[in-house]
Amino acid sequence: MPEVAANATEAVLAEWLVGENAEFAALDTIATVETEKALVDVEAEDAGVVLKTLVPPGALVEVGAPIAVLGVPGEAAGDLDAVLAELGVAEPVEHVVPERRSVPDPVVEVRGAPAPSLETTPQNGRIFASPLARKLARLAEIPVEQIAGTGPRGRILRRDVEAAVAARPVVEPVETPAPTQGGRPVVEPVETPHSRLRRAIASRLVESKQTAPHFYLRATVRADRLVALRAELNEGAETRVSLNDLVVKAVAAAHARVPEMNVVWTPDAVRSFSSVDVAVAVATDRGLVTPVLRDVTSLTVSAVAAKVQDLATRAREGRLKQDELEGGTISVTNLGMYGVEEFAAIINPPHAAILAVGAVRDEPVVEDGAVVPGQVMTVTLSVDHRPVDGVVAARWLAALVDLLEHPTRILA
1 MPEVAANATE AVLAEWLVGE NAEFAALDTI ATVETEKALV DVEAEDAGVV LKTLVPPGAL
61 VEVGAPIAVL GVPGEAAGDL DAVLAELGVA EPVEHVVPER RSVPDPVVEV RGAPAPSLET
121 TPQNGRIFAS PLARKLARLA EIPVEQIAGT GPRGRILRRD VEAAVAARPV VEPVETPAPT
181 QGGRPVVEPV ETPHSRLRRA IASRLVESKQ TAPHFYLRAT VRADRLVALR AELNEGAETR
241 VSLNDLVVKA VAAAHARVPE MNVVWTPDAV RSFSSVDVAV AVATDRGLVT PVLRDVTSLT
301 VSAVAAKVQD LATRAREGRL KQDELEGGTI SVTNLGMYGV EEFAAIINPP HAAILAVGAV
361 RDEPVVEDGA VVPGQVMTVT LSVDHRPVDG VVAARWLAAL VDLLEHPTRI LA
């Protein structure tokens, strides 16, 4: 299993695109791998043939674990049992078929050093079971000693635990009065296990708050012209432009005006970029993801809208590719559609900043010394103080406000 994402320790083998005994050319996609946030194509480095797949679709595999036995073009499978035994596997791995979304048992190193043996004969009273099987048995409160293993040499696998759970006698529940406290029924808490995406989000946000010294700048924007421009752009248009699309375009233009903001922090240097790539926060049922729009300054507003819609749709369907989640120096997150007036967001590593956009609201404003009705919007910029100083961030925010209040400049 390749390291398809930085610092990834595991991934799901989503689909084999080349079957067993089928040949492939260099750079052909032979499999699709799913990370916490995206789908990644696994490309072949050289031409070859898939002699045997070792991991079924849907299996969760540790990075570095073997997933297939490959050969040179024209090579036949031959005696795979002997090949696997030569590579250090005590039993043929075709007998071990993990269920969908299960953690596979160790198999064989592909074109590398031998993998750990699948020797599972009990020694000194020890019961051999896969880590997932032990975890499931513990959750089901079934001692592994009471489970018959069907894996190589009696190894206990996930299916064995599930069979043991299914075979348990059904115990009719005894009705007991609902617990009360102060005359009111006690509501038991509901726990939702962490998804892989939720764990990834939590890890990155904790990393950001612990390592990136955040500081915050806030500005209130007159949004009357921005709202009017959006309405004009959408008259008879096939692609609908949102206020957030205009904000994304303005963010890119502000980066072009203040290039010192188009940077990221690295351990050895502040890295600057000539192209402006902007990430857009998208809420999905699985959690928040931030796909990246490339070279936004070169895109029209309608092109930005189309790309954002495409990325958001595929994000909610779990069809983003890993490279679409990497890069950029700033993110845009908008909660205005929920009526949130203002908020401060946590920087998405390794970005230098994130812009939080609130709702457009009607408020009295002062214009030429008179109080008049107006539309305003609050934006809050969170900045990593390591690569960006306060004065630079202030200049950037001033440029953004100018662009949002004179939005036709965004179209230039």
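For the sequence shown, position 114 matches number 114 in our numbering, and the numbering has no gaps at all.
Cβ coordinates follow ideal geometry from the N, Cα and C atoms, glycine included.
Since the model is a prediction, treat every value here as computed from it, not as a measurement.
8 Å CB neighbourhood of V263 in its chain, flanking five on each side removed: V270, R271, S272, F273, T329, A352, P387, V388, listed in sequence order.
Decide if D46 is buried, meaning its Cβ has at least 16 other Cβ atoms within 10 Å, or exposed. By the neighbour-count criterion, in which a residue is buried when 16 or more other Cβ atoms sit within 10 angstroms of its Cβ, D46 is exposed.
Tell me whether the beta-carbon of R230 lies closer than 8 Å to the beta-carbon of L243. In this structure, L243 lies closer than 8 Å to R230 by Cβ.
State the DSSP-derived secondary structure class of T192, mapped to helix, strand or coil. Residue state, collapsed to three classes: coil.
Per DSSP, the bridge partner or partners of I443: Outside the shown range of the chain (1 to 412) lies residue 443, about which nothing can therefore be said.
Counting pairs of beta carbons, one from the region 200-219 and one from the region 380-399, are three or more of them closer than 8 Å? Judged by Cβ distances under 8 Å, the region 200-219 makes contact with the region 380-399, as three or more pairs qualify.
According to DSSP, which residues form a beta bridge with S272? In DSSP, S272 forms a bridge with V263.
Looking at the strands, I want to know which residues DSSP matches up with Q181. R184.
Please report the distance separating the alpha-carbon of A38 from that of T333. C-alpha separation (whole angstroms): 19 Å.
Are the Cβ atoms of V63 and E10 separated by less than 8 Å? Yes; because the gap between Cβ atoms is below 8 Å, this pair is in contact.
Please name the residue or residues paired with G64 in a DSSP beta bridge. Answer by DSSP bridge pairing: none, since G64 is not bridged.
On the DSSP letters alone, give me the boundaries of the beta strand (DSSP E) that R218 sits inside. 214-222 is the extent of the beta strand (DSSP E) around R218.
Would you call the region 196-209 in contact with the region 366-376, where contact means no fewer than 3 C-beta pairs closer than 8 Å? Three or more Cβ pairs closer than 8 Å define a contact, and the region 196-209 falls short of that threshold against the region 366-376.
Look up M337 in the DSSP assignment and say whether it is helix, strand or coil. Reduced to three states, the DSSP call for M337 is helix.
With distances taken from CA atoms, which of V308, S302, S298, G327 is nearest A253? For the options V308, S302, S298, G327, the alpha carbon positioned closest to that of A253 is the one of S298.
Just tell me which of V296, V276, A59, A312 has its CA closest to the CA of T290. Checking every option, the nearest Cα to that of T290 belongs to A312.
Which residues bound the alpha helix (DSSP H) around G390? Taken as a continuous stretch (DSSP letters only), the alpha helix (DSSP H) holding G390 covers 390-405.
Under three-state DSSP, which class holds L288? Collapsing the DSSP output to three states places L288 in a strand.
Quick one: what's got a C-beta closer than 7 Å to V392's C-beta in the same chain, skipping five residues either side? Closer than 7 Å at Cβ, skipping near neighbours: V258, E260, M261.
Might you give, ordered along the chain, the residues of its own chain that have their beta carbon closer than 7 Å to the beta carbon of L403, omitting 5 neighbours on each side? Correct list, in chain order: A250, A253, A254, R409, I410.
Going by the CB atoms, is the gap between V42 and V33 shorter than 8 Å? In contact: V33 and V42 (Cβ atoms closer than 8 Å).
Tell me the rounded alpha-carbon separation between L226 and D245. Answer to the nearest angstrom: the Cα atoms are 11 Å apart.
Beta bridge counterpart(s) of A11 as assigned by DSSP: In the DSSP output, where bridge partners are listed per residue, A11 has V61.
A5 vs Q322 beta-carbon contact at 8 Å: Their beta carbons are under 8 Å apart, which means A5 touches Q322 by this criterion.
Proximity of V292 and L335 at Cβ, strictly below 8 Å: No; because the gap between Cβ atoms is not below 8 Å, this pair is not in contact.
Going by beta carbon distance, what residues of the same chain come within less than 8 Å of M413, once the five residues before and after it are set aside? Nothing can be reported for residue 413, as the shown portion of the chain is limited to 1 through 412.
Assuming the contact rule is C-beta atoms closer than 8 Å, L27 and A44 should be a hit. Round their C-beta distance to whole Å, please. With a Cβ gap of about 7 Å, L27 and A44 count as contacting.
What does a CB cutoff of less than 8 Å around D224 pick up in its chain, not counting 5 residues either side in sequence? Residues G374, Q375 of the same chain have their beta carbon placed closer than 8 Å to that of D224, with the five preceding and five following residues left out of the count.
State the start and end residues of the unbroken beta strand (DSSP E) segment that holds T29. First-last of the beta strand (DSSP E) with T29: 29-34.
Would you grab the beta carbon distance between I147 and A164 for me? Rounded to a whole angstrom, and I think it's under 8 Å. Right, the Cβ-Cβ distance comes to about 5 Å (below 8 Å), so this counts as a contact.
Report the three-state DSSP secondary structure of E119 (helix, strand or coil). Because E119 sits at a pLDDT of 35, beneath the cut-off of 50, its placement in the model cannot be relied upon, and the point is left open.
Could you spell out where the alpha helix (DSSP H) holding K249 opens and where it closes? Where K249 is concerned, the enclosing alpha helix (DSSP H) starts and stops at 243-257.
Just the Cα atoms here: how many angstroms apart are V12 and L60? C-alpha separation (whole angstroms): 4 Å.
Just to confirm my understanding: we take P349, look at its own chain, exclude 5 residues before and 5 after, and list those with CB closer than 8 Å. What are they? Excluding positions up to five away in sequence, the list reads R204, E207, S208, T211, A212.
Cutting at 6 Å between CB atoms, please list the residues of its own chain near S275, excluding the five before and the five after it. Residues D295 of the same chain have their beta carbon placed closer than 6 Å to that of S275, with the five preceding and five following residues left out of the count.
In terms of alpha-carbon separation, which member of P267, A394, L70 lies closest to V18? Considering only alpha carbons, the answer is L70.
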